[in-house]
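In terms of the numbering used here, the sequence shown opens at residue 1 and continues consecutively.
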Amino acid sequence: MVKESSKTKQGKSAVSSKKRRKVVAIDVFKAWCKGCGICVAFCPQEVLAQDEQGQAYPKNLEACIACMQCELRCPDFAITILTEERLNPATGGVSHG
Ligand code: SF4
Ligand code: SF4
C-alpha cells in the first residue's frame with residue numbers, strides 16, 4: 001500500500017494548504033552564529049537580516065512560514081525556530097513515543 005500524499009489536483013505545492021505552524025520566536029544563539037548569512041540567503045520570506053556584526057536576527061517575524069530552511073541550512077546550528085508545536089508538544093506537537 002503506497003500512499004501518495006504530496007500531489008494536489010492543481011499540481012501546485014501542497015505546502016501552502018497544510019495547517020500553518022505559528023512561529024512564536026526565532027532564536028539566534030549569538031555565541032555560535034558566525035555571520036555567514038546563509039540563513040538570510042535561503043529564507044524565502046525575507047524574515048532574517050544581519051546586524052552590524054553580521055549576525056542573524058529576525059527583522060520580520062510575522063512573515064515566517066516555519067519552513068525551517070534557516071535552521072536546516074545553518075552550518076553552526078545557531079538558529080532555532082520556535083513554533084507553538086515545539087513549545088507545547090501536548091497541544092499539537094508530534095510525539096516520539
Ligand atoms: S546561517 Fe547560522 S551562522 Fe550563518 S548567519 Fe545564519 S544563524 Fe549565523
Ligand atoms: S523558518 Fe523559513 S521563513 Fe522562517 S525565518 Fe527560517 S527560512 Fe525564513
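Heads up, the beta-carbon is just placed ideally off N, CA and C, and yes, glycines get one too.
Where residue i falls, given that 16 or more other Cβ within 10 Å makes a residue buried
i: leucine 48; result: buried
i: alanine 90; result: exposed
i: alanine 41; result: exposed
i: alanine 78; result: buried
Under 8 Å between C-beta atoms of residue i and residue j
i: aspartate 76; j: cysteine 33; result: yes
i: arginine 21; j: glutamate 85; result: yes
i: valine 28; j: glutamine 55; result: yes
Presumed contact (8 Å Cβ cut-off) between residue i and residue j, rounded CB distance
i: alanine 66; j: threonine 83; result: 5 Å
i: glutamine 50; j: glycine 37; result: 6 Å
DSSP three-state assignment for residue i, whether helix, strand or coil
i: cysteine 24; result: Residue 24 is actually valine in this sequence, not cysteine. Of the three classes helix, strand and coil, the one that applies to valine 24 here is strand, per DSSP.
i: alanine 63; result: helix
i: proline 44; result: coil
i: alanine 90; result: helix
i: glutamine 69; result: helix
Beta-bridge partners of residue i, as assigned by DSSP
i: leucine 82; result: Ala25
i: proline 58; result: Leu48
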